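J.: Sharing a structure, written as C-alpha cells. Questions coming.
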Amino acid sequence: MTAVAAYRRILLKLSGEALMGERSYGIDEAVVARIVKEIGEVTALGVQVGVVIGGGNIFRGMQGAAGGMDRATADYMGMLATVMNAMALADAFARTGIAARVQSALRIDQVVEPYIRARAIRHLEEGRVVIFAAGTGNPFFTTDTAAALRGAEIGAQIVLKATKVDGIYSADPTKNPDAQRFARISFDEAIGRNLQVMDATAFALCRDIKLPINVFSIFKPGALLRVVCGEDEGTLVHS
Ligand code: UDP
Numbered sequence: 001m002t003a004v005a006a007y008r009r010i011l012l013k014l015s016g017e018a019l020m021g022e023r024s025y026g027i028d029e030a031v032v033a034r035i036v037k038e039i040g041e042v043t044a045l046g047v048q049v050g051v052v053i054g055g056g057n058i059f060r061g062m063q064g065a066a067g068g069m070d071r072a073t074a075d076y077m078g079m080l081a082t083v084m085n086a087m088a089l090a091d092a093f094a095r096t097g098i099a100a101r102v103q104s105a106l107r108i109d110q111v112v113e114p115y116i117r118a119r120a121i122r123h124l125e126e127g128r129v130v131i132f133a134a135g136t137g138n139p140f141f142t143t144d145t146a147a148a149l150r151g152a153e154i155g156a157q158i159v160l161k162a163t164k165v166d167g168i169y170s171a172d173p174t175k176n177p178d179a180q181r182f183a184r185i186s187f188d189e190a191i192g193r194n195l196q197v198m199d200a201t202a203f204a205l206c207r208d209i210k211l212p213i214n215v216f217s218i219f220k221p222g223a224l225l226r227v228v229c230g231e232d233e234g235t236l237v238h239s
C-alpha cells in the first residue's frame with residue numbers, strides 16, 4: 001500500500017541526544033544519515049518539514065550554570081551548540097540530495113541565514129527542509145519551546161517530538177513492567193496525571209493554540225513515517 005500523509009506541514013523536534021547514537025558526546029554521522037533518510041521519506045510524500053534541533057549532546061546551559069557559569073552566558077553557549085548540530089544535519093541533507101536550509105535565531109550571517117518567518121515558509125513551500133537553529137534566541141528557554149513557537153509560526157499542523165522512548169507511559173516503562181503507553185491523551189489529562197510531555201512553557205503554548213504533539217521514538221526505524229501517515233505510533237497529545 002502506498003503511504004499517504006496525514007499532514008501537509010510538520011515541525012519535528014530532534015533533541016541533541018538523537019544525533020549522538022551510542023556515543024556519550026557529539027555527533028554520530030551514521031545516526032544523522034539515518035535520520036536524514038527517514039526525513040527524506042516524509043518529504044517524498046510532499047510533506048513540508050521544519051526541524052528544531054537541540055544541543056544537549058554538546059552543551060546544556062543548566063550544566064554550565066551548575067558549574068558556576070552565568071546562566072544566560074551558558075544558555076547562549078547552548079544555543080550555539082544547536083547551530084553546530086543544525087549545520088551537521090544540513091550537510092547530511094546536502095549529501096543525500098535533499099534541499100535544506102538552516103535559519104538561526106541568533107545572527108551569524110556568514111554561517112547560516114537568520115530566522116525570517118516569511119522566508120522560512122517560502123523554503124517550505126518550495127520543498128526545502130528548514131532547520132531552525134539557536135532555539136528561540138533567548139536564554140532561559142529550551143528548544144522544546146522553540147519547537148512549539150516555530151511550529152505555531154509556520155502554521156505546522158502538528159509538533160512531532162522525537163525522543164528515546166516510544167511515547168508517553170502511565171509510569172516509567174524502564175522501571176515498571178505494567179506501564180501502559182497512551183495512544184492518545186488530551187492536554188488536560190496529561191496535566192491531571194502530571195505527565196511530562198515537553199517542558200512546561202512549550203506544553204502550555206501548544207495547549208493554548210491547540211497545536212497537537214506526537215511523541216515518538218526516533219530510534220525505532222520507520223516510526224517517523226508512520227506518525228506522519230497518522231498511524232498509531234507513540235502518543236498523540238490533543239485538545
Ligand atoms: N537554549 C536557550 N534558549 C533556547 C533554546 C536553547 O537558552 O531558546 C539553550 C539552553 O541552555 C539549552 C541548550 O540551549 O540547555 C540546548 O537546548 P536543549 O537543552 O533544549 O537541547 P536538547 O535537550 O533538545 O538537546
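Per the UniProt record's numbering, residue 1 is the first one in the sequence shown, and the count goes up by one each step.
Note that the Cβ used here is the ideal one computed from N, Cα and C, for glycine as well.
Predicted, not measured: the structure shown is a model, and the values here were computed from it.
How about ILE213 and VAL159: are their beta carbons less than 7 Å apart?
T.: Your numbering for residue 213 matches position 213 in the sequence shown. Your numbering for residue 159 matches position 159 in the sequence shown. Yes, the Cβ-Cβ distance between ILE213 and VAL159 is below 7 Å.
J.: Nearest-angstrom Cα distance between SER104 and LEU80?
T.: Position 104 of the sequence shown, counted from the start, is the residue given in the question as residue 104. Position 80 of the sequence shown, counted from the start, is the residue given in the question as residue 80. Their Cα atoms are separated by approximately 9 Å.
J.: VAL102 to GLU113, Cα distance in whole Å?
T.: For the purposes of this step, residue 102 is taken as residue 102 along the sequence shown, with counting starting at 1. For the purposes of this step, residue 113 is taken as residue 113 along the sequence shown, with counting starting at 1. If you take the alpha carbons of VAL102 and GLU113, they lie about 6 Å apart.
J.: Could you check whether ALA152 and ILE209 sit closer than 7 Å to each other, using their CB atoms as the reference points?
T.: As a working mapping, residue 209 is identified with position 209 in the sequence shown. As a working mapping, residue 152 is identified with position 152 in the sequence shown. Result yes, Cβ atoms of ILE209 and ALA152 sit closer than 7 Å.
J.: Find out if the Cβ-Cβ distance for the pair ALA90, ALA100 is shorter than 7 Å.
T.: In the sequence shown, the residue the question calls residue 90 occupies position 90. In the sequence shown, the residue the question calls residue 100 occupies position 100. Yes, these two residues count as a Cβ contact at 7 Å.
J.: Could you round the C-beta distance between THR143 and GLY135 to whole angstroms and report it? I think they count as a contact, below 8 Å.
T.: Indexing the sequence shown from 1 puts residue 143 at position 143. Indexing the sequence shown from 1 puts residue 135 at position 135. Yes, they are in contact, since the Cβ atoms of THR143 and GLY135 sit about 5 Å apart, within 8 Å.
J.: Identify which residue in ALA86, THR73, ALA120 has its Cα closest to the Cα of VAL111.
T.: As a working mapping, residue 111 is identified with position 111 in the sequence shown. VAL111 has its Cα closest to that of ALA86, out of ALA86, THR73, ALA120.
J.: What do you reckon, are the CB atoms on ALA5 and VAL47 nearer than 7 Å?
T.: For the purposes of this step, residue 5 is taken as the residue at position 5 of the sequence shown. For the purposes of this step, residue 47 is taken as the residue at position 47 of the sequence shown. Yes, they are a contact pair.
J.: Using a 10 Å radius around the Cβ and a threshold of 16 neighbouring Cβ atoms, would you call GLY50 buried or exposed?
T.: As a working mapping, residue 50 is identified with position 50 in the sequence shown. By the neighbour-count rule (16 or more Cβ atoms within 10 Å), GLY50 is buried.
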